[in-house]
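Those sequence lines, one after another, are chains A and B. Numbering-wise (my numbering), the first sequence opens with residue 1 and increments by one. Numbering-wise (my numbering), the second sequence opens with residue 1001 and increments by one. Down below is the structure, laid out as structure tokens.
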Amino acid sequence: MKTKIKSLAIKGIRGVREKFPLTLSGKSILIYGDNGAGKSSLTDSFEWLYYDQIGHLSNEEIGRRKGKDALRNIFINDKEDAFVEVAYSNSKLDCTKNIDGSLTVSTSNTTAEYEKYISNSSTENLILRYRDLVLFIIASKKEKLDTLQNIIGFSDVGSFRDTLKRNAGRIKRTINAENFNNKKGAQQSIILENLETNAYSPEQFIKAANELIKPLALGITIKSFKDVAKVLKQIESKDDSKIVDEISFQTKIEEALTEFEGNIDKLNKDYKKYFDAYTELRKDPDKFNKLKLLDLLNEGVSVLEDDVVKGDYCPLCLQEKNKLQLIKQLNKRIEELEELETEKTKLEEQNEDLKEFVKSNISTIDNLLRDKNLKEKENSEILKKIQEIKTTLNILATELKKELLAKVAIIEPNKIAFDKKGIVAFADAASKKVKHLADSQKKNTKLVIYSKLLQANLAYKAYRKIERQQDILTKQQTTFENLFTDFIKRQEQALNIFLKTFSKDINDFYTIMNPKEKVDDIKLVPLKDKNDDLVGISIEYNFFDETQRQPMAYLSESHINCLGLSFFLASVMAFNKENHFFILDDVISSFDRSHRARFAKLLIDKFNEYQIILLTHEKDFFELVSSDVKTKGWNIQQITWSVEKGTGVEKASVDSKGRIMKKFEDKNTDGLGNDIRIYTEKVLKEVAINIEASVPFKYNDINEKRMAPELLDSIQRRISDKSTELKTAADIPRIKGMPMFIGNTASHDNDFQASIEDFEVMWDDIGKLIKVFYCKDCNKFISTKNVDTVKNKIRCGCKDEKLNYDWKK
Amino acid sequence: MSDKIKSGKEVIDEFFSEIYNVKNVDEKTIEALVSLYGKNKLTDTNIQNALDDLLQKELDKIEKDENEN
């Protein structure tokens, strides 16, 4: 059972000073209030209750504490509590949220159920204000995607997709940095040197090891690595340990330098590639510097969207500028800069890869430098060379730490080239040294074989380890890449299903409000970049049978607002799982009369199951829809503001007749003439429709603006032609002569100045006129639908024809 | 995959329930991911640690095998 509101009370919040109660009983409510009457205080209270913030109060001027500083009514003293108290259809959720004089917030309901309810509600679409109507429409493609993903909980999907992608990338970088093939090559060259053959498998190694130990005639056949260890132990001689150490050391030098030498080309190539891309991006520093504006532009958009700036001007240069256009222009610039940001990110990834590779090489060299043998005097030259390599690697690491926009550019590649020849020479020298040491001990066959088997065994173990590491990492990388591909497909499919359904609702709602117009087939379309990655969402629609993607370019403000409203209502329908109510705060301000009427119809027809809190400061709209929604069981209320009480409830008349009666009761002539005129026009329209009294053709909403004199004329013409009895009974010339009906449209806002007694006489005369046409027994007007062609009579809907007049054929 | 609108959580849950059907993937890596997801600990650091553990175990195994055989 989704949640509705039974009642609420607000005290001391924003414009509400004294307790302001509203009883809803789960029903919708139409609330009218002038600007400043406190409608927004009601909306603010809900926003604070559900989202723990008031967006439009959270700007710099008021303070960043989510608007709390401005939340309490300024006229209440510090000891008084300010609160929002809500009773729900599920009483277990009833809660009072309080903010005391020290701005400490507390809630009366601390149950897990309420906590869960508020947490779930915080992601639902519960409030729409006029200023937020078009936010989605004018948002950048990325913002649209982010907004939708947040609404449908797809932010988790995006985050999981990024996790898969990031890990695949990280593993790939590790594989590149390790340069496994080069490492394996270095180990194989040691194996080759010692066993005179390569060994890529245990079988190959064991076969070669058996060949190696043959001259020793040990009577042992090596079958496993355990046997290799046994043989090594058997032929090891403590007397030879010094020379074996020396051979091991030289082998280590050879191995490390050979491995490093194998990395030099890659280091040089990758650094050059990075240098070129780095230099290219720096060529146009202005363009690149603009990236620094990205945060400013984003902040600018949020300042405009949050309505911190009220008027149509740029908050920076203070030039006059349409706010919507300004937001649109800012979003366009943001999108351009985001493309540049993508290039920058690519360069940063290149930088990360190279850093990792340099780090891995530094680690190899550091490992070598830790060998105690390097401290021996005879090794000073090789130490110098290794330190030289380390210094160059450190320079490279330092260059890679430089920021893209640093004043000094990174060093050119030719200035940090490695002495490849020198390194090869040292590796060769180490190899020769090993050979020389072995040759010097030629007669000591056991030592030679021991040394060779030891080095080959160590190299093969290292080789196997590197191979396995490469294998595992490659598998992990492939796994993440394949998972990513599979997940992307699922994400796209789920998003497309959602967009299709969601687009249909938006299109339906929009076309209900704008029938027979050349805008249709509105849909949300996913956008991908050149790498096939989902980067945004665009609004697509047919405009005069051509597909367009720029709502701002072709649609009027009123139509764009309709689109925004459609998006909100579609979101309510699709995603509000917890709550069955929503608040619309002054959303129809830019709508003309026909859009307003259709909007009301949309709410009544499609959202009848929902509890709607509809706030308006538009008297016309209030008049227009109050009768309709009343018949659907809505509450109707007017609110006013006074210095003493702040926002308060004024018992609203459900329609203009109720309001007129109340004014007579209160002897209040303020606006009474206008109320009587509006009421009379409404009734005369019904009379004209029922007796088919024609008025001249007028377009669309102008057609609605029929003045009483025009209607009275047409009714008079019609009944003069058709019915003598009616003509006499109605006595229209007398009504037409009333002062309030002598005038034109321009005079409508100016009430006829008369006493309450004058109005009572007029009201009485109008009542008599209505009685001529309207039967209070069947609640129907006399109508041409009820013409008796035999008796030549027009009558009401009663079976016994209580109200009837002659009617010519 | 049905045509029903799914929440983000449903998309991820469904992916994990069918993750073993994805072709050309390493079973041990998948097991590690499923385990982290089940514990609601699917972060970059936890994934990296789990993968490093897997790698280390494999490398230790080679060494053990070679020493014993």
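Where a beta carbon is used, it is the ideal one built from N, C-alpha and C, also for glycine. Given the structure is predicted, the values throughout are model-derived calculations rather than measurements.
Next item on the list: Figure out for me which residue from A:Y450, A:I191, A:V424, A:E618 has the closest Cα to the Cα of K238 (chain A).
Entry: A:Y450
Check: Nearest to F664 (chain A) by alpha carbon, out of A:F498, A:A754, A:N514?
Finding: Answer by Cα proximity: A:A754.
Note to self: Residues of chain C with CB closer than 7 Å to the CB of N1024 (chain B), please, in chain order.
What the structure shows: Any reference to chain C falls outside this structure, whose protein chains are A and B.
Notebook entry, point to check: Along the chain, where does the alpha helix (DSSP H) that runs through P202 (chain A) open and close?
Noted result: Bounds of the alpha helix (DSSP H) holding P202 (chain A) are 202 to 213.
Next item on the list: Just tell me which of A:P733, A:I770, A:F83, A:I411 has its CA closest to the CA of P21 (chain A).
Entry: A:F83
Next item on the list: Per DSSP, which residues does N635 (chain A) bridge with? Please list them.
Entry: A:I29
Notebook entry, point to check: Can you tell which of A:V787, A:N792, A:W807 has the C-alpha that lies nearest to the C-alpha of C798 (chain A)?
Noted result: A:V787
Check: Where does Y610 (chain A) sit, in a helix, a strand or coil, going by DSSP?
Finding: Three-state DSSP puts Y610 (chain A) in coil, outside helix and strand.
Notebook entry, point to check: Does the beta carbon of V1034 (chain B) sit closer than 8 Å to a beta carbon anywhere in chain A?
Noted result: no
Next item on the list: Would you please state the rounded distance, in angstroms, between the beta carbons of I691 (chain A) and R718 (chain A)? I believe it to be under 8 Å.
Entry: 6 Å
Notebook entry, point to check: Which chain A residues are close to E1031 (chain B), counting only those with a beta carbon under 9 Å from its beta carbon?
Noted result: Contact of E1031 (chain B) with chain A by beta-carbon distance below 9 Å is absent, the smallest such distance being about 11 Å.
Next item on the list: Report all residues from its chain with a CB closer than 7 Å to the CB of K172 (chain A); omit the five preceding and five following residues, and keep chain order.
Entry: Q477
Note to self: Is it buried or exposed, F480 (chain A), if we count other Cβ atoms within 10 angstroms and call 16 or more buried?
What the structure shows: buried
Next item on the list: Could you name the residues of chain B that D366 (chain A) contacts, counting a contact when the two beta carbons are closer than 7 Å?
Entry: By Cβ distance, chain B contributes nothing, its closest Cβ being about 21 Å from D366 (chain A), past 7 Å.
Checklist line | Spatial distance of V309 (chain A) from L318 (chain A) (CA atoms) | finding: 10 Å
Checklist line | Distance between beta carbons of K657 (chain A) and I756 (chain A), contact taken as under 8 Å | finding: Actually they are not in contact, since the Cβ atoms of I756 (chain A) and K657 (chain A) sit about 17 Å apart, beyond 8 Å.
Note to self: Once the 5 residues before and after L340 (chain A) are set aside, which same chain residues still bring their CB inside 8 Å of it?
What the structure shows: Taking C-beta separations shorter than 8 Å and ignoring five residues to either side along the sequence, the partners of L340 (chain A) in its chain run K287, F288, K290, L291, following chain order.
Check: Straight-line CA distance for K207 (chain A) to E388 (chain A)?
Finding: 41 Å
Checklist line | Contact residues within the stretch 1002 to 1013 of chain B, judged by C-beta distance below 9 Å to chain A | finding: Within the stretch 1002 to 1013 of chain B, the residues whose Cβ lies closer than 9 Å to some Cβ of chain A are S1002, D1003, K1004, I1005, K1006, S1007, G1008, K1009, E1010, V1011, I1012, listed in chain order.
Check: Would a C-beta distance cut-off of 8 Å place L524 (chain A) and L499 (chain A) closer than the cut-off?
Finding: yes
Check: Thinking just about the alpha-carbon of each residue, which of A:S119, A:K355, A:L383 is nearest to the one in D366 (chain A)?
Finding: A:L383
Note to self: I'd like to know if the stretch 176 to 189 of chain A and the stretch 1019 to 1031 of chain B are in contact, where contact means that at least 3 CB-CB pairs between them fall below 8 Å.
What the structure shows: These segments do not touch.
Note to self: Any heavy atom of the ligand NAD closer than 7 Å to the beta-carbon of E124 (chain A)?
What the structure shows: Of the ligands one can find in the structure shown there are none, so the ligand NAD has no counterpart to examine.
Note to self: So if I threshold CB-CB distances at 7 Å, which residues from the stretch 451 to 469 of chain A count as touching chain B?
What the structure shows: Within the stretch 451 to 469 of chain A, the qualifying residues are K461, R464, K465, R468, Q469.
Next item on the list: Quick one: which unbroken beta strand (DSSP E) runs of 3-plus residues sit fully inside the stretch 303 to 344 of chain A? Chain order, please.
Entry: As far as the stretch 303 to 344 of chain A is concerned, it has no whole beta strand (DSSP E) run of at least 3 residues.
Notebook entry, point to check: Between D751 (chain A) and Y774 (chain A), what straight-line distance do the alpha-carbon atoms span, to the nearest angstrom?
Noted result: A caution first: D751 (chain A) carries a pLDDT of 48, below 50, which makes its placement in the model unreliable, though a value can still be read off. Put simply, the backbone Cα of D751 (chain A) is about 27 Å away from that of Y774 (chain A).
Next item on the list: Measure the alpha-carbon distance for L30 (chain A) versus D777 (chain A) and round it to whole angstroms.
Entry: 29 Å
Notebook entry, point to check: Alpha carbon to alpha carbon, how far is E113 (chain A) from F607 (chain A)?
Noted result: 27 Å
Checklist line | Any 3 or more C-beta pairs closer than 8 Å across the stretch 155 to 168 of chain A and the stretch 486 to 501 of chain A | finding: yes
Notebook entry, point to check: Alpha carbon to alpha carbon, what distance is there between T640 (chain A) and I583 (chain A)?
Noted result: 19 Å
Notebook entry, point to check: Comparing the C-beta of I31 (chain A) with each C-beta of chain B, is any distance below 8 Å?
Noted result: no
Note to self: Output needed in chain order: residues of the stretch 486 to 497 of chain A with a Cβ under 7 Å from some Cβ in chain B.
What the structure shows: D486, F487, R490, Q491, Q493, A494, I497
Next item on the list: Could you tell me whether any Cβ in chain A is nearer than 8 Å to the Cβ of D1060 (chain B)?
Entry: no
Next item on the list: Check distances from the C-beta atoms of the stretch 323 to 354 of chain A to those of chain B and list, in chain order, the residues that come in under 9 Å.
Entry: none
Item checked: Nearest-angstrom Cα separation, counted from D428 (chain A) out to I362 (chain A) -> Whole-angstrom Cα-Cα distance: 21 Å.
Next item on the list: Under 9 Å between beta-carbons, which chain B residues line up against R718 (chain A)? List them in chain order, please.
Entry: Near R718 (chain A) there are no residues of chain B at all, since even the closest Cβ is about 55 Å away, more than 9 Å.
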